[in-house]
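What follows is a single structure, written as structure tokens, with notes after it.
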Amino acid sequence: MRRLLFAVVVVAALLSGSAAAQAAKPRVILTQDGEVDDMDSFIRYLYYANEFDTAGIIYTSSTYHYAGNGTTVQPFRWTGTAWLNQYLDRYAQIRPNLVKHADGYPTVEHLRSLYKLGNITDVGESEQVTEGSEWIKQVLLDDDPRPLYVQAWGGNNTTARALKSIEEQYKGTPAWDGVVAKINRKVTLYNILDQDPTLNAYIKPSWPGIKIIDNQRQFWSFAYLWPFVTPVPHQAVLRAPWMEANLLNGKGPLMEQYRTYRDGKPTPGDNENNRWRPEESEANQNVGYGVHDFISEGDSPAYMFLFDFNGLRSSEDPTWGGWGGRFAPNATGWIDAEDDFPYTEPGGLGTYLTTRRAYPLTRWFTDLQNDFASRVAWGVADTYAGANHPPVVSAPFLNAVYAPGQRVALSGTASDPDGNALTYRWWQYHEADTYAGRITLDGAGTASASFVVPADAKKGDTIHVILDVKDAGTPSISRYARVVITVGENVPHVVGGTVPATLALNITPASFGAFIPGVTKEYTAPTTATVTSTAGDATLSVSDLGHLTNGAFALPEPLRVELGKASWTGPTSNEPVPVTFEQLVKSTDALRTGTYSRTVTFTLSTTSP
């Protein structure tokens, strides 16, 4: 017997609207300690806020910043809690322009509702239950199944307190194993340095199933030590002339708060150890920092790792690499990896950190800074035509299997919304490969390239090829397509053929429309199934009817269906078959706001061979 299965979703809404676009965005919680680089990272985040489903903005402490408790613990380099709301006020002023260039920018009211004070009194303090820790706890335990990325821009102590509260509530109860499984399944922690003891002292030993991306060194290349490790060709976008032209001069109220070296802007909690103070200008010059040079955004890699909109797909696997760095597997998840450094000198200042460890991040600096500059321009351009926008890049396949000796034909298409000219470049990201060798790309500077899978490639090896498309706008914006080739094996094939019966089934989606609470009514959702069969017989059946559900809620009455025809004794072609779904809703049924749906399986089968 041959069968053709077709699944159709039957839906009904109590309230119009869809969360599909939001569901596609990475879901994140930011935890930050208010350092100057956190402030700059937060400004950049606001320009990209349309790319995220922000689930929390939590103020925490670190070994570098804490508020004190008013008695036994004195404040240390504490920058206060008011600055973040002030930045949100300035974001509100530019949002009307931002939404003219891209959809999805959240309202300032929504972002402000997510801002919570966590454990801020001392380094590593995680005994107090705080508003911030309770907020994180609530999000960790909610029924949203999407991955949740908790970012540690400062210490992990507020996150640790949230996990402790969960442990104290559930450990030793029948629900404990399920709670642990849920959190392990959904949570990834992106850690920037170890800025307090709680990650190693509590989270890792008590929650060993939580996935951790541990950025211990790469972030420094986008932080205060960037002149030591950034290749000279990529330093231009961090130096004052570029910064002043693209980020600082006349770029709107939010960028007025963006900090650079020796800019003279006051910061609460400044002391003699802060290298960005004007009083330290001579020392800054001695180590290569000039007025209005980039200062630091050491925490931005935590969310740039999730910038899949650029086409690098880095969040699919931390070993693949992207604007947030590249990582190698370790016992708790991943830790900084190295990329081959192709330059002879990092910047003339020595190698305080290894350039190989920094290069997974520094290799992207020109692209990611130009991208940021384009978004900053959106904030002051009140028409779409007044700023540059990224090209749109696609490839016919992003994953494929080829055997050694086979030629892989790569092709990409791109368009530019502003009509700018485009350039194409294919290159092998060999550090992301599991294949140890190099490939030879033919046509690397065109939209279509190719290569032959090397003879020494083993089954299961992967080869990553990046299509880099740049526009000729100002600034030049890059988008990519990453094609991952998995090496298969050459196997003998037997040539032959049969003529099986052809079965084809297509069903138009069905919807009941809006249910009306408090009214007994029989709702119908008519649709049509189109049947094709070249067999001597065919049967159409329906299964998995069950009940329409809305999250954990189900309608009391079962879903029913009537078929206009269910069997055939001879061939048929593109025959329309009426299908009617029926749903009884009683006046006493409790209806939950949202969308009710059910996936129903239609099977077209034949006994012919």
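According to the numbering used here, the sequence shown is numbered sequentially starting from 500. Glycine included, each C-beta is placed from N, C-alpha and C at the ideal position.
Reducing DSSP to helix, strand and coil, say where Phe826 ends up. Residue state, collapsed to three classes: strand.
Considering only the alpha carbon of each residue, which of Gly631, Val875, Tyr614 and Thr620 lies closest to Ala744? For Ala744, the closest alpha carbon among the candidates Gly631, Val875, Tyr614 and Thr620 is that of Val875.
Taking Asn1005 as part of the alpha helix (DSSP H), name the residues at either end of that continuous run. It is not in any alpha helix (DSSP H) - Asn1005 instead sits in the beta strand (DSSP E) that spans Leu1002 to Ile1006.
With a CB to CB cut of under 6 Å and the five nearest residues on each side skipped, what residues in its chain are close to Pro916? Excluding its 5 nearest sequence neighbours in each direction, Pro916 has C-beta neighbours in its own chain below 6 Å: His888, listed in chain order.
If you follow the alpha helix (DSSP H) that Asn683 is in, where does it begin and where does it stop? Trp675 to Lys685
Any Cβ of chain C within less than 8 Å of the Cβ of Asn745? The chain inventory of the structure shown lacks chain C, comprising one protein chain alone.
Which of the three DSSP states, helix, strand or coil, is assigned to Ala1138? A question about residue 1138 goes unanswered here, because the residues of the chain that appear run from 500 up to 1108.
Under 8 Å between the Cβ atoms of Val1115 and Ala722? Residue numbering for the chain in the displayed model covers 500 to 1108; residue 1115 lies beyond these limits and cannot be assessed.
In this structure, what does DSSP give as the bridge partners for Trp926? Note: Trp926 sits in a beta bridge opposite Ile965.
Rounded to a whole number of angstroms, what is the C-alpha to C-alpha distance between Glu988 and His564? 56 Å
Determine the contact status of Arg660 and Ser625, defining contact as a CB-CB distance below 8 Å. yes
Would you call the CB atoms of Gly631 and Leu616 closer than 8 Å? yes
The segment 943-957 in contact with the segment 973-981 per 3-pair CB rule at 8 Å: no
Buried or exposed for Val637, going by 16 or more other Cβ atoms inside 10 Å? One detail in the question is off: residue 637 reads as Gln in this sequence, not Val. Looking at its Cβ environment, which holds fewer than 16 other Cβ atoms inside 10 Å, Gln637 is exposed.
DSSP three-state call for Tyr547: helix, strand or coil? DSSP, read as helix, strand or coil, puts Tyr547 in coil.
Quick one: grab the DSSP three-state call for Thr1038. Three-state result, Thr1038: strand.
Please name the residue or residues paired with Ser813 in a DSSP beta bridge. Ser813 pairs with nothing; no bridge assigned.
Under a Cβ-count criterion, where at least 16 other Cβ atoms within 10 Å of its own Cβ denotes burial, should Ile455 be classed as buried or exposed? Outside the displayed range of the chain (500 to 1108) lies residue 455, so it cannot be described from this structure.
Quick one: measure Cβ to Cβ for Ile556 and Gln650, integer angstroms, because I've assumed they're closer than 8 Å. Between Ile556 and Gln650 a beta carbon distance of about 10 Å is seen, past the 8 Å cut, so the two are scored as non-contacting.
Spatially closest choice to Lys599 from Tyr546, Asp1036, Val892 and Arg684, by CA coordinates: The shortest Cα separation from Lys599 among Tyr546, Asp1036, Val892 and Arg684 belongs to Tyr546.
Asn714 beta carbon less than 8 Å from that of Ile691: yes
Cβ distance (whole Å) where Tyr1095 is taken to contact Leu1062 below 8 Å: Contact check for Tyr1095 and Leu1062: beta-carbon distance about 22 Å, past the 8 Å limit, so the pair fails to qualify.
Taking 6 Å as the limit between beta carbons, can you name the residues of its chain near Asp866, skipping five residues before and five after? Ser977
Between the alpha carbons of His992 and Thr1001, how many angstroms are there, rounded? At His992 the pLDDT is 46, less than 50, meaning the model places this residue with poor confidence and gives no usable figure here.
In DSSP terms, what Ser914 is bridged to: In the DSSP output, where bridge partners are listed per residue, Ser914 has Val891.
Buried or exposed: where does Gly533 fall if 16 or more other Cβ atoms within 10 Å of its Cβ makes it buried? buried
For the beta strand (DSSP E) that Val649 lies in, which residues bound it at each end? Leu647 to Ala651
Where the alpha helix (DSSP H) containing Trp725 begins and where it ends: Trp725 to Val728
For my contact list, Gly878 and Lys764 are in at a C-beta cut-off of 8 Å; report their separation, rounded to the angstrom. Gly878 to Lys764, Cβ: 19 Å. No contact.
Is it true that the CB of Arg761 sits closer than 8 Å to the CB of Val535? no
Return the residue from the list Trp719, Gln668 and Gln627 that minimises the CA-CA distance to Asn618. Gln627
For the alpha helix (DSSP H) containing Ala857, name the first residue and the last one. Here the alpha helix (DSSP H) through Ala857 covers Thr854 to Thr861.
Indicate the three-state DSSP secondary structure (helix, strand or coil) for Gly821 in the structure shown. strand
Going along the chain, which residues of its own chain have a beta-carbon closer than 6 Å to the beta-carbon of Pro644, five neighbours each way excluded? none
C-alpha distance - Arg1097 paired with Gly911, whole-angstrom precision: 37 Å
Using DSSP with H/G/I as helix, E/B as strand and the rest coil, what is Glu778? Summary for Glu778: the model assigns pLDDT 41, below 50, so the residue's position carries little reliability; its value from the coordinates is reported in the next sentence. DSSP places Glu778 in helix when its eight states are reduced to three.
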